[in-house]
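Below: the structure, in structure tokens.
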Amino acid sequence: MSEHIVSPKVYIVIFASLMLGTGLTVWAAFQNFHQYNIVIALGIATIKATLVVLYFMHARYSPGRTQLVIVCSIFWLAIMLALTLADYDTRLHDISLSAPQVFYCV
Amino acid sequence: MHRTGDLYGHFQTLEQQKETATLGMWIFLVTEVLFFGGLFLTYTINRSAFSTAFGIGSNTLDITLGAGNTVVLIMSSLTMAMAVWSAQVGKKKLVSIFLIATLGLGTVFLGVKAVEYKQKFDHHLIPGRGFDMKYHPSHPMPGDDPKELALEKNEVEEAFAHDPDINAHGQLYFSLYFGMTGLHALHMIVGAGLLLWLIKGSFAGRFTPQYNTPVEIVGLYWHFVDIVWIYLFPLLYLIDRHR
């Protein structure tokens, strides 16, 4: 098995897409999409991150076991986020009510 | 340890050695994903509870500096990827040039970050005794745009009318801002140290098509730090910008 060399052309196309994504993120932030602003921002960020992982970090050309490790990291992150947020969402009706009031310093 | 050239004794081939090292680096990056993941989780919970304070805190950040830094960091990822390519095709001089470019861009990023931090000190937005979100709108600094300042003043006053604890909740935003960008910057500083080590190696002509594992591995780390920023930028700088 020989090493896959990603050509500079691919890198430049990815770089251009990342720049486009950055511009799009800033533009979208100034539009009012109501509750979807955050969804759009995170969506673009995730597409950008995926491009970096697949091409800059060569995940697309890595052996299967490396790809498995990458997928696992996302899976474990999802467990942490989903279960913790589910807990906060269902146990406390309003987190701000339970916030400590000791931060005063005005 | 027994070693023949760049090949350590417990590996059969350089390729096997490289695949093993890459896998090891990825496993380290998994721990980093979960480490930063915890911070993003804290951020999410606090932002959903204190959205007004987070919106105002976010609007005090300089979007030009933030977006500019995003461009700088993505450019440094490109030069890092090009350094890996140069090593793979045996262009030794280009390896050094691209590594130095990466280090340069990383340094620019940290410099801009320092300017941003200084601004927050000047505006009394460091969590602690002196923290006051009303301070900056009523104490203009040289170079402030009066129009923008009036908007900020309006926004802060409105927020205080709704939520008298805005200064307490704003500190949560700024604690997370400094904690997350600070840890990110710390990773960049570690990365800069690794780049210096690579640059030294590249001057000695150490990286060849047969052996370029260190460039590849540090590249993985550098791109990971880039990914963290790709998420930090919209989450910290772009809350409630459309208002």
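Protein sequence lines correspond, in order, to chains H and D.
Quick note: the first sequence, position 15, residue 30 per this note's numbering, numbers continuous.
Quick note: the second sequence, position 98, residue 1178 per this note's numbering, numbers continuous.
A virtual CB, placed ideally from N, CA and C, is assigned to each residue, including glycine.
Let me confirm a value: residue i is counted as buried when at least 16 other C-beta atoms fall within 10 Å, else exposed. Which label applies?
i       : result
D:P1217 : buried
H:V90   : Checking the displayed sequence, the identity of residue 90 of chain H turns out to be Phe instead of Val. By the 10 Å Cβ count, H:F90 comes out exposed.
D:E1099 : buried
D:Q1096 : exposed
H:H73   : buried
H:A97   : exposed
H:N47   : exposed
H:I27   : exposed
D:A1248 : buried
H:C120  : In this prediction, H:C120 has a pLDDT of 46, which is less than 50 and means its spatial position is unreliable; what the coordinates show is noted afterwards. Exposed, by the Cβ-count rule.
H:L35   : exposed
D:W1165 : buried
H:A60   : buried
For a quick check, are the C-beta atoms of residue i and residue j less than 8 Å apart?
i       : j       : result
D:V1152 : D:V1188 : yes
D:W1302 : D:G1271 : yes
H:S77   : D:T1102 : yes
D:D1320 : D:S1157 : no
D:L1185 : D:M1155 : yes
D:I1279 : D:L1179 : yes
D:V1169 : H:I62   : no
D:V1298 : D:L1263 : no
H:A64   : D:P1314 : no
D:L1318 : H:A31   : no
H:T37   : D:T1293 : no
D:Q1119 : D:G1259 : It is Leu, not Gln, that sits at residue 1119 of chain D in the sequence shown. Contact: yes.
H:I85   : D:W1106 : yes
D:V1236 : D:I1143 : no
Would residue i count as contacting chain D if we go by Cβ distances under 8 Å?
i      : result
H:R80  : yes
H:V21  : yes
H:W91  : yes
H:T105 : no
H:Y119 : Confidence at H:Y119 is low in this model, with a pLDDT of 47, below 50, so its placement is unreliable and the value that follows should be read with caution. With 8 Å as the cut-off, H:Y119 counts as an interface residue toward chain D.
H:K24  : no
H:L69  : no
H:A44  : yes
H:L35  : no
H:A97  : no
H:S77  : yes
Give the DSSP-derived three-state secondary structure of residue i in the structure shown.
i       : result
D:R1209 : coil
D:T1088 : Here the sequence assigns Tyr to residue 1088 of chain D, which means Thr is not the residue at that position. Looking at D:Y1088 - three-state DSSP - the assignment turns out to be strand.
D:R1083 : strand
H:H73   : coil
D:D1245 : coil
H:Q122  : Residue 122 of chain H lies beyond the stretch modelled for chain H, which goes from 16 to 121, so this question has no answer here.
D:I1125 : helix
H:E18   : coil
D:N1292 : coil
D:A1284 : coil
D:M1160 : helix
H:T37   : helix
D:H1303 : helix
D:P1222 : coil
D:G1170 : coil
H:R106  : helix
D:H1028 : Residue 1028 of chain D lies beyond the stretch modelled for chain D, which goes from 1081 to 1323, so this question has no answer here.
D:F1120 : helix
H:V117  : Here H:V117 scores only 49 on pLDDT, less than 50, and its place in the model should not be relied on; the value that follows carries that caveat. Coil, per DSSP.
For the ligand ZN, is there any heavy atom lying closer than 7 Å to the beta carbon of residue i?
i     : result
H:I20 : No copy of the ligand ZN appears in this structure; indeed no ligand is present at all.
Report the option in the options whose CA atom is closest to the CA atom of residue i.
i       : options                            : result
H:V67   : H:Q46, H:V25, H:I20                : H:V25
D:I1268 : D:Q1251, D:A1239, D:D1306, D:M1162 : One point to set straight first is that residue 1268 of chain D is Met, not Ile, in the sequence displayed. Comparing Cα positions, the closest option is D:D1306.
D:M1160 : D:L1315, D:G1146, D:L1256, D:S1176 : D:S1176
D:P1207 : D:I1125, D:S1255, D:D1245, D:L1183 : D:S1255
D:Y1215 : D:P1222, D:M1221, D:H1203, D:I1143 : D:H1203
D:L1174 : D:V1295, D:F1313, D:G1259, D:D1224 : D:V1295
H:L92   : D:Y1257, D:Y1317, D:G1104, D:T1111 : D:T1111
D:A1163 : D:T1144, D:L1183, D:D1225, D:T1150 : D:L1183
D:Y1253 : D:M1213, D:Y1088, D:H1242, D:L1276 : D:M1213
D:L1312 : D:I1246, D:F1211, D:G1210, D:Y1257 : D:Y1257
D:G1327 : D:H1090, D:Q1199, D:A1133, D:L1087 : One cannot answer for residue 1327 of chain D here, as it falls past the ends of chain D, which runs 1081 to 1323.
D:F1116 : D:A1265, D:F1134, D:A1241          : D:A1265
D:K1172 : D:M1105, D:D1225, D:Q1290, D:F1091 : D:Q1290
Is residue i close to chain H? Criterion is C-beta to C-beta, closer than 8 Å.
i       : result
D:P1226 : no
D:P1294 : no
D:A1147 : yes
D:P1217 : no
D:T1150 : yes
D:L1190 : no
D:Y1088 : no
D:M1162 : yes
D:G1117 : yes
D:E1095 : yes
D:E1099 : yes
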